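Q:
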Amino acid sequence: MGYTTRIGAHNANSQTGGSESSVRSLSDRLLSSPIIAAVNTMDMFEPALKAPPKSLYLLTGNPLTLPEIVKRVRDAGKGCLVNVDFLSGLNRDRDAIEYLAVHKVEGIVSTRLDVLKAAQTLGLFTVQRTFAIDSAAVMASVKLLTQFTPDAIEVLPALVAPKVAKRIHAVQPGMKIIGGGLIETVREIEQLLDAGIHSVTVSNERLWLI
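End of the sequence shown sits at 220 in the working numbering; the numbers just go up one at a time, nothing left out.
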């Protein structure tokens with residue numbers, strides 16, 4: 011099966027069923043494309059805005075630039091995830107999350123549970139970022155699910171996401187898994203999607219194919 015055929019089938023499966031809640035609606039919007047364009051620097055923003063992926067993952071920005079960035083993403087009809095751990099000029103607290111919510115950010119990515127909890131109470135889509143550096147780190151991430159349940163989990167590096175997903179799904183069967191980091195080829199994306207990973211975050215512009 012070719013790349014675009016695989017992705018098309020993945021999109022169809024992802025969009026099956028109606029929207030049962032605002033969180034489900036946000037999930038459908040933000041994760042509607044298997045490839046999420048990760049924007050690490052402002053030089054990448056314009057290409058990402060014009061690229062096929064329907065969602066952008068911002069890992070850059072500050073209080074002065076973010077409102078216009080988010081507005082342009084929305085005007086382009088795309089979803090916007092923001093990793094608050096990488097923003098400058100904002101504390102990692104509820105005030106920062108309220109600021110982002112006021113400016114129409116739809117989803118928050120962070121390694122910090124307090125930040126994600128604040129985002130969830132404000133009705134934002136929450137993605138817990140976890141680094142699967144060894145078995146102990148994976149076990150700790152799974153244990154955190156007893157304290158807080160995000161809407162999705164981003165696993166880094168992406169190529170270990172299928173193995174980590176099995177452990178996560180043993181505790182949270184319906185959890186959406188996003189693979190991120192060190193994705194270099196179309197084949198790797200295909201393998202991740204075939205293994206059940208919901209979406210992948212990709213900063214390599216030549217892989218922003220759909």
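For every residue, glycine included, the Cβ atom is placed at its ideal position computed from N, Cα and C.
Model, not experiment: these values are computed from the prediction.
Would DSSP call I178 helix, strand or coil?
A: Start at 1 with the first residue of the sequence shown, and residue 178 comes out as number 168. Reduced to three states, the DSSP call for I178 is helix.
Q: Rounded to a whole number of angstroms, what is the C-alpha to C-alpha distance between E164 and L155?
A: Translated into the one-based positions of the sequence shown, residue 164 becomes position 154. Translated into the one-based positions of the sequence shown, residue 155 becomes position 145. Distance between the alpha carbons of E164 and L155 is about 13 Å.
Q: Please determine, among L100, T75, T195 and E116, the residue with the shortest C-alpha to C-alpha distance to Y67.
A: Counting from one through the sequence shown, the residue named residue 67 turns up at place 57. Among L100, T75, T195 and E116, the Cα nearest to that of Y67 is on E116.
Q: Just verifying my parser: in three-state terms, what is the DSSP assignment at T70?
A: Residue 70 sits at position 60 when you count from the first residue of the sequence shown. Coil at T70, not helix or strand.
Q: Look at the alpha carbon of G189 and the alpha carbon of I46, and state the distance between them as a whole number of angstroms.
A: If you number the sequence shown from 1, residue 189 lands on position 179. If you number the sequence shown from 1, residue 46 lands on position 36. Whole-angstrom Cα-Cα distance: 10 Å.
Q: Take the Cβ of V181 as the centre, count every other Cβ of all protein chains shown within 10 Å, and call the residue buried at 16 or more, exposed below.
A: To locate residue 181, count along the sequence shown from 1; it is residue 171. Label assigned to V181: exposed.
Q: In this structure, how does DSSP classify F158 when only helix, strand and coil are distinguished?
A: In the sequence shown, residue 158 corresponds to position 148, counting from 1. F158 falls in the coil class under three-state DSSP.
Q: Say whether the region 138-145 touches the region 100-118, bearing in mind that this needs 3 or more beta-carbon pairs closer than 8 Å, one atom from each stretch.
A: Counting Cβ pairs under 8 Å, fewer than three are found: no touch.
Q: Identify whether R39 lies in helix, strand or coil by the three-state DSSP scheme.
A: In the sequence shown, counting from the first residue as 1, residue 39 sits at position 29. Three-state result, R39: helix.
Q: Relative to the alpha-carbon of T75, which residue among P44, A86, Y109 and G191 has its alpha-carbon at the smallest distance?
A: As a working mapping, residue 75 is identified with position 65 in the sequence shown. Here the closest residue by C-alpha is Y109.
Q: So what does DSSP say about K186, is it helix, strand or coil?
A: The residue you call residue 186 lines up with position 176 of the sequence shown. The answer is strand: DSSP assigns K186 an E or B state.
Q: Can you check which of these residues, P183, D161, I187 and G89, is closest to A168 by C-alpha distance?
A: As a first step, residue 168 must be located in the sequence shown, where it is residue number 158. Selected option, being the one with the closest Cα: I187.
Q: With a 10 Å radius around its C-beta and 16 neighbouring C-beta atoms as the bar for buried, classify T211 as buried or exposed.
A: Walking along the sequence shown from the start, residue 211 turns up at place 201. Flag for T211 reads buried.
Q: In the region 71-109, which residue ranges form an unbroken alpha helix (DSSP H) of at least 4 residues, counting only runs that do not cross its ends?
A: Qualifying alpha helix (DSSP H) stretches, in chain order: 76-85.
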